[in-house]
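Okay, structure first, notes after.
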Amino acid sequence: MIRGKIDWRLCAVSGAVVAGCTLSLFGCARLPYTVQTVHEDQRAIVTLQQEVEPARYSHPVQISPQDLGAILRSFSFREKQKLPLRWFAEEAPPKRVFRQDELEVLTPYLAEALQKAGPEERIHFTVLAPGMNPALERDTTDGWIAVRGPYFHLTLEHYHGQFSIRKEEMWDLRYPAIPPEPGTFLLYFEPNRFWSTDPAANERGVLYRDFLKSAIVPGGK
Numbered sequence: 001m002i003r004g005k006i007d008w009r010l011c012a013v014s015g016a017v018v019a020g021c022t023l024s025l026f027g028c029a030r031l032p033y034t035v036q037t038v039h040e041d042q043r044a045i046v047t048l049q050q051e052v053e054p055a056r057y058s059h060p061v062q063i064s065p066q067d068l069g070a071i072l073r074s075f076s077f078r079e080k081q082k083l084p085l086r087w088f089a090e091e092a093p094p095k096r097v098f099r100q101d102e103l104e105v106l107t108p109y110l111a112e113a114l115q116k117a118g119p120e121e122r123i124h125f126t127v128l129a130p131g132m133n134p135a136l137e138r139d140t141t142d143g144w145i146a147v148r149g150p151y152f153h154l155t156l157e158h159y160h161g162q163f164s165i166r167k168e169e170m171w172d173l174r175y176p177a178i179p180p181e182p183g184t185f186l187l188y189f190e191p192n193r194f195w196s197t198d199p200a201a202n203e204r205g206v207l208y209r210d211f212l213k214s215a216i217v218p219g220g221k
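Note that my numbering numbers the sequence shown so that position 144 is 144, with each residue one more than the last.
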């Protein structure tokens with residue numbers, strides 16, 4: 001009996017490792033991990049995640065909730081598609097990443113997290129709502145933000161995804177044990193002249209100080 005229990009536990013641990021890691025010839029992929037929860041309730045979760053590679057962010061940084069709202073409100077996206085579906089996807093206008101009610105929930109805690117984050121930590125967010133079948137699913141939008149020098153970065157991982165709620169995991173507001181793989185999205189920012197390439201990361205970011213100073217932003221400085 002003891003031997004049977006030990007074997008069962010070893011199998012369970014092995015299964016968890018296989019499910020929880022991206023395996024390659026060199027083992028599990030290293031992913032950012034949560035080091036602090038800034039806020040968590042039924043509507044939103046904001047955490048600090050430690051990067052596993054040098055990021056050299058400009059954190060801590062102070063951006064007001066109002067300014068964060070102005071920045072995030074200007075993002076839109078399309079789901080990344082392969083040809084020939086990409087041709088049809090490009091006919092549809094991009095969707096806004098955030099609704100106004102979501103920004104009102106998120107921005108105070110994102111502003112707090114940006115002031116608490118270190119230079120190797122990014123800010124992960126999750127917005128929650130009842131799913132299409134509230135008893136079985138939870139509507140989830142999540143991703144992360146970071147600031148490096150003059151550039152504000154946003155990465156979208158899931159957009160109103162319907163995450164299943166398993167009975168044994170009702171205590172976990174965020175995900176089932178194994179969340180769906182992040183999607184791939186093409187992000188846009190308007191006005192486009194503030195959407196530029198951050199040379200330190202070779203990826204797009206918003207020249208957020210210039211944007212906030214522009215006459216386009218109500219109350220811009």
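All residues carry an ideal CB built from backbone N, CA and C; glycine is no exception.
What number of angstroms, rounded off, separates the C-alpha of residue i from the C-alpha of residue j?
{"i": "residue 135", "j": "residue 42", "result": "15 Å"}
{"i": "residue 31", "j": "residue 197", "result": "24 Å"}
{"i": "residue 182", "j": "residue 127", "result": "15 Å"}
{"i": "residue 209", "j": "residue 150", "result": "7 Å"}
{"i": "residue 139", "j": "residue 58", "result": "32 Å"}
{"i": "residue 222", "j": "residue 111", "result": "Here the chain covers residues 1 to 221 and nothing more, so residue 222 does not appear."}
{"i": "residue 146", "j": "residue 153", "result": "5 Å"}
Which first and last residues belong to the beta strand (DSSP E) in which residue i is found?
{"i": "residue 139", "result": "137-148"}
{"i": "residue 33", "result": "33-40"}
{"i": "residue 257", "result": "Nothing about residue 257 can be reported from this structure: the residues present for the chain run from 1 to 221 only."}
{"i": "residue 44", "result": "44-50"}
{"i": "residue 193", "result": "Premise fails: residue 193 is in no beta strand (DSSP E) and is neither H nor E."}
If we count the other Cβ atoms within 10 Å of its Cβ and call it buried at 16 or more, is residue i buried or exposed?
{"i": "residue 175", "result": "Because residue 175 carries a pLDDT of 47, less than 50, the predicted location of this residue cannot be relied on, and the following value inherits that uncertainty. So residue 175 ends up on the buried side."}
{"i": "residue 35", "result": "exposed"}
{"i": "residue 115", "result": "exposed"}
{"i": "residue 101", "result": "exposed"}
{"i": "residue 157", "result": "buried"}
Starting from residue i, follow its DSSP beta bridges and name the residues at the other end.
{"i": "residue 200", "result": "The partner list for residue 200 (beta bridge, DSSP) is empty, contrary to what the question assumes."}
Which stretch, first to last residue, makes up the alpha helix (DSSP H) that contains residue i?
{"i": "residue 71", "result": "65-73"}
{"i": "residue 115", "result": "100-116"}
{"i": "residue 211", "result": "208-213"}
Under 8 Å: do the segment 119-126 and the segment 71-81 share three or more Cβ pairs, one atom per stretch? The answer is no - the segment 71-81 does not touch the segment 119-126, with fewer than three Cβ pairs under 8 Å.
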